[in-house]
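Numbering-wise (the UniProt record's numbering), the sequence shown opens with residue 1 and increments by one. Every residue gets a Cβ at the ideal spot worked out from N, C-alpha and C, and that includes glycine.
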Amino acid sequence: MREVRLRFSKTGRLKYISHLDINRAMSRALKRAQIPLWYTEGFNPHPYMSFSLPLSLGVESLCESVDLRIIGDITNDEIKNRLNNVLPQDIKIVDVYDDFRDNSEIVYSDYVYKFEFKDNEAAFEKIKNVLSSDEIIALKKGKQGRKRVMKETNIKSFIDKYSISIRNDVIVLNIRLLAGPEKNLNPSL
């Protein structure tokens, strides 16, 4: 058994597909492509798959990832080719690689936002001022005992770095957010 990481893109019409549906589509494609997967043990075995954090509906991605456990002899190129032949048109496997566990656990996610406003200069200044402030307070889902509650959270500590510019009458925000198992931020906040 070996672990591999698939890097895939989700664009076009499939930007409106949910994270759960992406999971199902990938699971079905792996079966159709006859990729020899390792299954969990227990009463209801299922293939081991670990996806990166979910995106909000309507968001395209050029670099999503899923970790799989493979049994048998199959090359990474063969995995990529077989899956691309059976996946929906707007999901494409970009890369398959192994030996990623030692130094590449997913900790950050990079996002590019593009905005257009009637007054781009004023909006640009407002966005820049918010991002450069010491605190950015937002409502974030949390737990209080067994209840799910909305809590005010300073999300500034979830932002690793950012850059903002105006290009061709469009505000472009490049931002890196924490995406680890302990501390992460939904980019829609």
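Secondary structure note for S52: it is in no alpha helix (DSSP H), with a DSSP letter that is neither H nor E. Secondary structure of D169 (DSSP, three-state): coil. Residue state for G142 is assigned as strand, using DSSP reduced to three classes. One Cα belongs to V149, the other to R24, and the distance between them is close to 29 Å. For K183, the closest alpha carbon among the candidates K161, I171, S157 and V112 is that of S157. Short of 7 Å from the beta carbon of I166, and not among the five residues preceding or following it, lie these beta carbons of its own chain, in chain order: N120 and F124. Given a length threshold of 3 residues, each whole run of the beta strand (DSSP E) inside the segment 78-133 is given here in chain order: 91-97 and 108-115. Between the C-alpha atoms of R7 and S133 there is a straight-line separation of about 34 Å.
Three or more Cβ pairs closer than 8 Å define a contact, and the segment 34-42 falls short of that threshold against the segment 56-63. Linking V86 to K80 through their CA atoms gives a straight-line distance of about 10 Å.
For L139, the number of other beta carbons within 10 angstroms of its own is below 16, and it is reported as exposed. For E135, same chain residues with a beta-carbon under 6 Å away, outside a window of 5 residues either side, are N154 and K156 in chain order. Comparing alpha carbon positions, the residue from I71, N168, Y162 and K118 closest to P187 is Y162.
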